[in-house]
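*Asks:*
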DNA sequence: GACCAGATTGTCT
DNA sequence: GACAATCTGGTCA
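Structure below.
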């Protein structure tokens, strides 16, 4: 079953945790690629200087201010894209960054797209999973409720539904502002989560 | 395994 | 003109 709109209208932090264990699916002409979400980060409208929406609406972040249940895909560091799920009511700029997947379906396709055969290296980072799933910048703003890009319940893929006690929260990764907020969530001890946990770097 | 530099470009100040 | 919600490949141990 595809996650309904009501899934995305809850509080952003709640959605970020509830997304763990669900399955992100992308159907293309090349075939289906799907993975279980094992790591997310929440980006909030208020009191969160790391959020793109924090300084108001711009052409780039406009999708974050749109209706929930849509994809926000943006370009970063000159060569990568990040995939987010828009949450919060229309007019409020919040989203959940999908940071890592456990590959489930279309693994050969993912390996080809990523140019590696190492399973753990296919989707263990926000830039990597965008490549592995074949997401493109023109998917920015696409609905996740129908169409080629969707998110499914764990049961749809016979995947386990995580318990509350399996979810760990830590500070987010790769940001400077708001780096102390514990808005990153991942499944405890999961081998497919992205590396670089809490290294101090400048 | 840990740490560091480089790649590369859209976006906002 | 600086910087960014990153990744890869190098060096050193």
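Residue numbers (the numbering used here): 11 to 212. In this text, a Cβ means the ideal position worked out from N, Cα and C, and glycines have one as well. All figures in this text were calculated on a predicted structure; none of them were measured in a lab.
Any idea if residue 99 is buried or exposed, counting beta-carbon neighbours within 10 angstroms, 16 or more meaning buried?
*Replies:* Burial call: exposed.
*Asks:* What are the partner residues of residue 35, as DSSP defines its beta bridges?
*Replies:* Partner(s): 44, 160.
*Asks:* Where in the segment 72-145 do unbroken runs of the alpha helix (DSSP H), each at least 4 residues long, occur, reported from the N-terminal end onward?
*Replies:* Counting only runs of 4 or more, we get 117-124, 136-143.
*Asks:* Please identify the residue among 83, 55, 103, 53 whose C-alpha is closest to the C-alpha of residue 74.
*Replies:* Looking at the Cα atoms, 103 is the closest of the given residues.
*Asks:* Taking the alpha carbon of residue 148 as the point to measure from, which residue in 33, 195, 115, 80 has its own alpha carbon closest?
*Replies:* It is 80.
*Asks:* Within 10 angstroms of its Cβ, does residue 210 collect 16 or more other Cβ (buried), or is it exposed?
*Replies:* Reliability fails at residue 210, whose pLDDT of 33 lies under 50, so the model's placement of it is uncertain and the value that follows must be treated cautiously. By the 10 Å Cβ count, residue 210 comes out exposed.
*Asks:* Helix, strand or coil, according to DSSP, for residue 165 in the structure here?
*Replies:* Helix at residue 165.
*Asks:* Grab me the residues of residue 203's own chain with a C-beta within less than 8 angstroms of its C-beta, minus the 5 sequence neighbours each way, in chain order.
*Replies:* Taken in chain order, the residues that qualify are 48, 49, 109, 110, 134, 196, 197.
*Asks:* Which runs of the beta strand (DSSP E) spanning at least 3 residues fall entirely within the segment 173-197, listed in chain order?
*Replies:* With a minimum length of 3 residues, the continuous beta strand (DSSP E) runs that stay inside the segment 173-197 are 177-180, 194-197.
*Asks:* By DSSP, does residue 153 sit in helix, in strand, or in coil?
*Replies:* Note: residue 153 maps to strand in three-state DSSP.
*Asks:* In this structure, what does DSSP give as the bridge partners for residue 223?
*Replies:* This structure gives no information on residue 223, because the portion of the chain shown stretches from 11 to 212.
*Asks:* Taking its Cβ as the centre, do 16 or more other Cβ atoms sit within 10 Å of residue 56, making it buried, or is it exposed?
*Replies:* The residue in question, residue 56, is exposed, as its Cβ has fewer than 16 Cβ neighbours within 10 Å.
*Asks:* Just how far apart, CA to CA, sit residue 208 and residue 181?
*Replies:* Low confidence applies to residue 208: its pLDDT is 36, below 50, so where it sits in the model is not reliable, and the reading given next is rough at best. Answer to the nearest angstrom: the Cα atoms are 8 angstroms apart.
*Asks:* By alpha-carbon positions, which one of 34, 19, 17, 25 ends up nearest to residue 159?
*Replies:* Nearest of 34, 19, 17, 25 to residue 159, Cα basis: 34.
*Asks:* Return the first residue and the last residue of the alpha helix (DSSP H) that residue 204 is part of.
*Replies:* Taken as a continuous stretch (DSSP letters only), residue 204 belongs to no alpha helix (DSSP H), as it is neither H nor E.
*Asks:* Have a look at 69, 151, 94, 126 and flag the residue whose alpha-carbon is nearest the alpha-carbon of residue 107.
*Replies:* For the residues 69, 151, 94, 126, the minimum Cα distance to residue 107 belongs to 94.
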